[in-house]
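Residue numbers (the working numbering): 1 to 192. No residue lacks a Cβ here, since even glycine has one placed at the ideal position from N, Cα and C.
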């Protein structure tokens, strides 16, 4: 139910019979039938889930699986994409770890826009060098990559499965300063 709150319904697509409008228009015409049509409502939101997988996220695998399954079952989004990363986003995102299906992060960023809702899910707890250091003079740091996502999609949040009293780690604080962070709970998802 909380995922359904992400919907943004707008008149779009094929026209359909507006029964209430037809009745009202016919009544205004003294009984002469006037057919009123309108475009159907479609959800224009494109949801992208970016999931931290493995390592310290292992205890939360069940919660991630439930979120992923719920997002697929809602089926009300214009599109749904899921990508995986470990600890932070770097040069590649992974579609499927079993097949090691890696895609350059730049390619994913190029497809994102303001109509996207980005949900990062992870504990944001990592070694500080993983978030703050770059891997060469022309390679962005993990924090730089996250900033690029926030600039591409203003509706970006981070859902953290750890208890909020454990968020005092330097990398968790840095991510929380870059984008809103909420607990990975139903209330947290609604608030996000």
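Item                                                                                                                                                                  : Value
From what residue to what residue does the alpha helix (DSSP H) around residue 128 run?                                                                               : 128-132
The beta strand (DSSP E) spanning residue 101 covers which residue range?                                                                                             : 101-104
With 16 other CB atoms within 10 Å as the buried threshold, where does residue 153 fall?                                                                              : buried
Looking only at its chain, what residues have a beta carbon closer than 6 Å to the beta carbon of residue 181, apart from the 5 residues adjacent to it on each side? : 158 and 160
Less than 9 Å separating the beta-carbons of residue 69 and residue 126?                                                                                              : no
Using alpha carbons as the reference points, say which of 34, 88, 29 and 46 lies closest to residue 56.                                                               : 88
DSSP on residue 184, reduced to helix/strand/coil?                                                                                                                    : coil
Look at the alpha carbon of residue 189 and the alpha carbon of residue 20, and state the distance between them as a whole number of angstroms.                       : 35 Å
Can the beta-carbon of residue 80 be found closer than 9 Å to that of residue 105?                                                                                    : no
In its own chain, which residues sit with a C-beta less than 6 Å from the C-beta of residue 155, not counting the 5 before and 5 after it?                            : 117
Given a cut-off of 9 Å on the beta-carbon distance, is the pair residue 128 and residue 162 in contact?                                                               : no
Leaving out five residues on either side along the sequence, give the residues of the same chain with a beta carbon under 6 Å from the beta carbon of residue 102.    : 92 and 94
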